[in-house]
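Numbering (the UniProt record's numbering), first residue to last: 1 to 68. In this text, a Cβ means the ideal position worked out from N, Cα and C, and glycines have one as well.
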């Protein structure tokens with residue numbers, strides 16, 4: 001915790017959250033922006049669901065073939 005006493009007598013207390021270094025990337029602004037974009041895509045129905053990993057990869061292969 002961090003404490004500060006200002007000239008006008010105001011005391012502020014600031015707490016800190018400990019984030020493991022191997023998870024710090026998750027809190028990077030770029031990553032959080034991507035999370036918000038993904039949430040919006042899901043909310044708007046942009047995406048697809050698959051019954052199995054095999055179905056998902058077949059769908060991705062089809063999308064890749066369409067780009068050729």
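Tell me which residue opens and which closes the alpha helix (DSSP H) that residue 33 is part of. Residue 33 -> alpha helix (DSSP H) spans 29 to 43.
What are the boundary residues of the beta strand (DSSP E) that includes residue 57? Note, residue 57: premise wrong, no beta strand (DSSP E); alpha helix (DSSP H) at 53 to 67.
I need the boundaries of the beta strand (DSSP E) containing residue 12, first residue and last residue. 11 to 14
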